[in-house]
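Undergrad: This is the structure, below, for whatever I ask next.
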Ligand code: URA
């Protein structure tokens, strides 16, 4: 075989080796472990996996004593790809029984607000500052807020909403580390880890003070405008 032919043959063999290697890497890890049949492997959903991991952690959480008295963990509910996340204070009796946030009377009003925004409950994500019900619906204690804060922060990092709407004084104070009255905080945009946060009144407050529903609607209009402009 002439020298030219030998070089040509070597080149051919090298190309074939590269082709085989690339084919191998489609099915096996560099250590030779099979990756599975590509067609049968489900596309990974990192948000769902991270959410479920955090949920499992929260189910075992004993950082504060509320796990002893709760019936169910109320972790959060809704769309992991939600643009809007609502954050309330803490589960009440109905939520503790259901394991789902905002299912009682205040929740029904929140859903009315969401519907008025031309959205459904399944479009948004709803959670609370606390994931366990304080006994007899007492106010959350500062140490409970501190213990539960990493779960809220991590949830927000996983879902990455475009905007957070905090409901009531407790949620605004816990998330913004301020103590101003909610009547002064509401209606303005703040920052929570690079995400816009709009505090507004809690639906339970609105049930007692229906005259302020208009103010909450003003806040929701600001949220909707922000989302529309963000898409433009
Ligand atoms: N109030 C809240 O703050 N959260 C709930 O889940 C229910 C009522």
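Numbering (the numbering used here), first residue to last: 1386 to 1617.
All C-beta atoms in this analysis are idealised placements derived from N, C-alpha and C, irrespective of residue type, glycine included.
Being a predicted model, the structure only gives us computed values, none of them experimental.
#1: Could you tell me the boundaries of the beta strand (DSSP E) in which residue 1550 lies?
#2: Strictly by DSSP, which residues pair up with residue 1472?
#3: At a threshold of 6 Å, does residue 1480 count as lining the ligand URA (C-beta to nearest heavy atom)?
#4: Kindly indicate which residue of 1540, 1546, 1534 has the alpha-carbon position closest to the one of residue 1555.
#5: If distances are taken between C-alpha atoms only, which option among 1497, 1430, 1600 comes closest to residue 1571?
#6: Consult DSSP for residue 1481 and reduce its assignment to one of helix, strand or coil.
#7: Does DSSP classify residue 1504 as helix, strand or coil?
#8: To the nearest angstrom, how far is it from the Cα of residue 1585 to the Cα of residue 1435?
#9: What does the Cβ neighbour count give for residue 1551, buried or exposed, with the cut at 16 atoms within 10 Å?
#10: How would you label residue 1528, buried or exposed, when you count the other beta carbons within 10 angstroms and need 16 or more for buried?
#11: I need the boundaries of the alpha helix (DSSP H) containing residue 1615, first residue and last residue.
#12: Beta-carbon separation of residue 1458 and residue 1443 under 7 Å?
#13: Can you give me the start and stop residues for the beta strand (DSSP E) that residue 1577 sits inside?
#14: When DSSP labels each residue in this structure, what does residue 1581 get in the three-state scheme?
#15: If you draw a straight line from the alpha carbon of residue 1587 to that of residue 1519, how long is it in whole angstroms?
TA: Concretely, from the data shown:
#1: Bounds of the beta strand (DSSP E) holding residue 1550 are 1548 to 1552.
#2: Looking at the DSSP assignment, residue 1472 forms a beta bridge with 1512, 1551.
#3: For residue 1480, the distance from the CB to the nearest heavy atom of the ligand URA is below 6 Å.
#4: The candidate whose alpha carbon is nearest that of residue 1555 is 1534.
#5: Nearest to residue 1571 by alpha-carbon distance, out of 1497, 1430, 1600, is 1600.
#6: In the structure shown, residue 1481 sits in a helix (DSSP, three-state: H, G or I).
#7: Coil at residue 1504, not helix or strand.
#8: Rounded to the nearest angstrom, the two C-alpha atoms are 29 Å apart.
#9: In this structure residue 1551 is buried. Its beta-carbon is surrounded by 16 or more other beta-carbon atoms within 10 angstroms.
#10: By the beta-carbon neighbour count (other beta carbons within 10 angstroms, threshold 16), residue 1528 is exposed.
#11: Segment 1598 to 1616, the alpha helix (DSSP H) holding residue 1615.
#12: Against a cut-off of 7 Å, the Cβ pair of residue 1443 and residue 1458 comes out as a contact.
#13: Element bounds for residue 1577: 1575 to 1577.
#14: Strand, per DSSP.
#15: Rounded to whole angstroms, residue 1587 to residue 1519 spans 17 Å at the Cα level.
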